[in-house]
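K.L.:
Residue numbers (my numbering), protein chains in the order written: chain A, 995 to 1110; chain B, 64 to 183.
Cβ atoms here follow ideal geometry from the backbone N, Cα and C, with glycine treated the same way.
Keep in mind that this is a model prediction, so the values were computed, not measured.
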């Protein structure tokens, strides 16, 4: 149980393009979803926390207008990288939990984004 | 804000050797502690977690971790590693902040990760 599906797994696109990444909880209701970014040889850095039906909470230094997050249902959250540039190339990972304090997060497989 | 420090970036062991990976965190309040493992080409998987109670926590695949509150540590151990334990290991902390509202629940801070290479 507790499977999180992330799509696409890899995307390559031109600079200036907007890219949407989906994160779905397949067998549980994810009250809270998290979006992380991981640079090579570095740890995961939390970008934002999204609760179903409300606006996402962004971490300091993360541009809200650049990284649009939508959590419209209990099983789906999307991250849209708007007008992507080469510096946005990274590994993006989502996770989901039931939203309670003592609920562990379940992670998707990640999306490798390469901007040319 | 909390922070998590993992002492070793890369650990290389031979099979059957004992393993201990260090993890220290900085936060004075209530915490939940986790160890996640990422096998090559796979997503992060929960290895074990500590919420409360017995500070010695047993996880999957023979791993265990001990929460020492006075040292702000949550070190991961395994008495005898196998080649299949080759992976990257992340320590993570979820700090409870009653004033921060619901959005703080589940917010994890990760350590830098430790790559474990086990030679057969």
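At least one CB of chain A closer than 8 angstroms to the CB of residue 116 of chain B: is that the case?
P.N.:
No, its Cβ sits nowhere closer than 8 angstroms to a Cβ of chain A.
K.L.:
What residues in its chain sit with their C-beta under 8 angstroms from that of residue 1008 of chain A, if we drop five residues either side in the sequence?
P.N.:
If we look at residue 1008 of chain A and ignore the five residues flanking it on each side, its Cβ neighbours are 1109, 1110.
K.L.:
Measuring only between beta-carbons, confirm whether residue 1023 of chain A sits less than 8 angstroms from chain B.
P.N.:
By this cut-off, residue 1023 of chain A is not an interface position.
K.L.:
Interface residues of chain A around residue 175 of chain B at Cβ under 8 angstroms?
P.N.:
Neighbours of residue 175 of chain B on chain A, chain order: 1036, 1037.
K.L.:
Rank A:1065, A:1030, A:1076 by C-alpha distance to the C-alpha of residue 1011 of chain A and give the top, closest one.
P.N.:
Per the Cα distances, A:1076.
K.L.:
If you draw a straight line from the alpha carbon of residue 129 of chain B to that of residue 1074 of chain A, how long is it in whole angstroms?
P.N.:
Each residue's Cα considered, the two are about 40 angstroms apart.
K.L.:
For residue 1010 of chain A and chain B, any beta-carbon pair shorter than 8 angstroms?
P.N.:
With 8 angstroms as the cut-off, residue 1010 of chain A does not count as an interface residue toward chain B.
K.L.:
Give a yes or no on whether 8 angstroms exceeds the smallest Cβ distance from residue 1098 of chain A to chain B.
P.N.:
True, the Cβ-Cβ gap to chain B drops below 8 angstroms.
K.L.:
Shorter than 8 angstroms from the beta carbon of residue 170 of chain B to some beta carbon of chain A?
P.N.:
Yes, because at least one Cβ of chain A sits closer than 8 angstroms to the Cβ of residue 170 of chain B.
K.L.:
Given residue 1085 of chain A, which residues of its chain have a CB within under 6 angstroms of its CB, disregarding the five upstream and five downstream residues?
P.N.:
Cβ neighbours of residue 1085 of chain A beyond the five flanking positions: 1032, 1104, 1106.
K.L.:
Would you list the one or two residues that DSSP bridges to residue 1006 of chain A?
P.N.:
Per DSSP, A:1108.
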